[in-house]
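Residue numbers (our numbering): -1 to 266.
To start, the structure itself, in structure tokens.
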Amino acid sequence: MKVSKRKIFKLSLALTLLLMMCWASSRFHNTRCDEIVINVDTTPEVHFVEPNDVLQLIYSVDKNIQGYKMDSINIYRIDSVLKSHPFIQSASIYKTISGKLKIDITQRKPLLMVICSNGKSYYIDNNGVVFETFDKSSPSVVVANGFIKDNFDFSGGKVYKIDYKNTQGKDVNADLFRLIKLIDSDDFWRDQIEQIYVNELSEYDLVPMLGNQILSIGSIEDYDRKMHILKEFYFKGLKKTGWNAYKQISVKYKNQIVCKRVKKTENI
């Protein structure tokens, strides 16, 4: 049977690739780990974890990992230990044929710091995860305070995932997460809002960076519509009166904007 040159070429290529894979596998089997390379996505805003912190976590799995053969290193155990750290969102671990164990760390990105009525505090990140605050790092994020109960136990590095899909008006943390996500997704509100206050009636007041007014949205119901109305009023109403004309702007009542003017005797 006549075999075409094309088939011979494909067969030769397949054999060559197979031999290269066998060679690489053999070399990898005998290569030892001579370096652990750690990359942490540290930014000026988020600085929870240092490369040395990650290294200590790795050494908690095995102190003698450098010098081991690459194929004997259990990356699944390392991955499990790293992801158990409250400030680490994800870890990517891979080995190189040159003997390097590379680890890329993604830190949690807090959107909100919540200060409870008893003085305890925690963060809520961009994925709706609640985790403990860190004394050595204070990211510049919106602060929520007021009548907020402390319902979390962070011992042992525990973190909590907020159920925000079916709990509107039932869980203050879920409501705060919805609100901060909207604020963070809007360029204007992200630059404007610095504080969220929850009063004893579970109503929400927003404190802006510019201007002396309090923005009251009332309950969390229809919060997105209320925030849209407030934004429209900023661009249309306050443009005429000035940002310091009112001490309170409320959209808590449907189809109404209620403003309280600053008295002339009050300091602006």
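We put the beta carbon where it would ideally sit given N, CA and C, even for glycine.
Keep in mind that this is a model prediction, so the values were computed, not measured.
Legend entry - Alpha carbon of residue 175 to alpha carbon of residue 32, nearest angstrom: 44 Å
Inset, instruction - Output yes or no for whether 8 Å exceeds the beta carbon distance between residue 139 and residue 99. - result: no
Inset, instruction - Go ahead and label residue 68 buried or exposed: buried means 16 or more other beta carbons lie within 10 angstroms of its beta carbon, across all protein chains shown. - result: Counting Cβ neighbours within 10 Å, residue 68 comes out buried, since at least 16 surround it.
Legend entry - Through-space distance from residue 47 to residue 259, alpha-carbon basis: 47 Å
Legend entry - residue 232 beta carbon less than 8 Å from that of residue 215: no
Inset, instruction - Alpha carbon to alpha carbon, how far is residue 209 from residue 265? Give it in angstroms, no decimals. - result: Confidence at residue 265 is low in this model, with a pLDDT of 47, below 50, so the placement of that residue should be treated as unreliable; the coordinate-derived value is given next. Distance between the alpha carbons of residue 265 and residue 209: 12 Å.
Inset, instruction - State whether the segment 148 to 158 contacts the segment 123 to 130, with contact taken as three or more CB pairs (one from each stretch) at a distance under 8 Å. - result: yes
Legend entry - Every unbroken alpha helix (DSSP H) within the segment 67 to 132, with a cutoff of 4 residues, ordered by chain: 73 to 81
Legend entry - Rounded straight-line distance, which links the Cα of residue 91 to that of residue 181: Distance between the alpha carbons of residue 181 and residue 91: 34 Å.
Inset, instruction - Using the Cα positions of residue 257 and residue 135, report the straight-line distance between them to the nearest angstrom. - result: 38 Å
Inset, instruction - For residue 216, name the three-state secondary structure that DSSP assigns. - result: When DSSP states are grouped into helix, strand and coil, residue 216 belongs to the strand group.
Inset, instruction - Let me know if residue 171 comes out buried or exposed under the rule of 16 or more other beta-carbons within 10 Å of its beta-carbon. - result: buried
Legend entry - residue 221 in three-state terms, based on DSSP: In the structure shown, residue 221 falls within a helical segment according to DSSP collapsed to helix, strand and coil.
Inset, instruction - Look at residue 236 and residue 249 and say whether their C-beta atoms are less than 8 Å apart. - result: At a Cβ-Cβ threshold of 8 Å, residue 236 and residue 249 do not count as neighbours.
Legend entry - Rounded straight-line distance, which links the Cα of residue 65 to that of residue 198: Each residue's alpha carbon lies about 60 Å from the other.
Inset, instruction - Would you check if the distance between the CB atom of residue 132 and the CB atom of residue 106 is smaller than 8 Å? - result: no
Inset, instruction - Evaluate contact between the segment 141 to 152 and the segment 110 to 123, counting only Cβ atoms and requiring at least three cross-stretch pairs below 8 Å. - result: yes
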